[in-house]
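Add 56 to the 1-based position in the sequence shown for this note's numbering, that's all there is to it. Using N, Cα and C, we set each Cβ at its ideal position, and we do this for glycine too. Every value quoted in this text rests on a predicted model; they were computed, and no experiment measured them.
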Amino acid sequence: MRRSLQTILVADDSMTERANLARILRGAGYEVLMAASGNEAFELAVRHEPDAVFLDILMEDGDGYRTCRELKRHETTADIPVIMVSSKANPVDRQWAMKLGASAYVVKPYADTDILEPLARL
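This is the structure we're talking about:
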């Protein structure tokens with residue numbers, strides 16, 4: 057039996073994007089943890105083991121691809137679904153994210169349903 061999703065980690069270097077994702081997720085009943093960088097996201101994921109991670113690709117301290125790779129390689133976080141969020145709409149970026157272990161890829165700008173649908177499939 058699959059446990060229900062409750063806590064979601066949102067990682068984006070844009071405070072506006074973090075707030076927008078948090079609004080959508082909290083409105084759907086999720087608890088939200090927020091990180092402003094890939095490094096912070098990794099640390100929070102290891103410490104709190106969220107049920108899923110929304111991860112921006114382009115961040116100041118390195119790309120989200122690196123963070124996704126690190127999450128998938130770490131024993132504690134390897135099974136946590138990662139949903140990449142980016143303004144990069146190129147199919148190659150989506151393919152690369154999936155190759156690194158992402159469960160889904162959402163392109164900015166997005167509608168609320170674009171954020172909630174990947175969670176419903178987990």
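When F98, R150, P106 and D117 are compared against S70, the one with the closest alpha-carbon | D117
Neighbourhood of I171 by C-beta, 6 angstroms cutoff - its chain only, sequence neighbours within 5 removed = The residues are I80.
Can you tell which of V102, R150 and V141 has the C-alpha that lies nearest to the C-alpha of L127?
-> With distances taken between Cα atoms, L127 lies closest to V102.
Could you name the residues of the same chain whose beta carbon sits closer than 6 angstroms to that of A160, not counting the 5 residues immediately before and after it, in chain order?
-> I139 and P174
Work out the CA separation of F98 and R150 for me, nearest whole Å.
-> Going by the C-alpha atoms only, they are around 21 angstroms apart.
Among the residues of its own chain, which have a CB less than 7 angstroms from the CB of Q62, if the five just before and after it don't count?
-> If we look at Q62 and ignore the five residues flanking it on each side, its Cβ neighbours are Y86, E87 and D107.
Entirely enclosed alpha helix (DSSP H) segments - the stretch 104-176, minimum 4 residues | 120-129, 147-155 and 168-176
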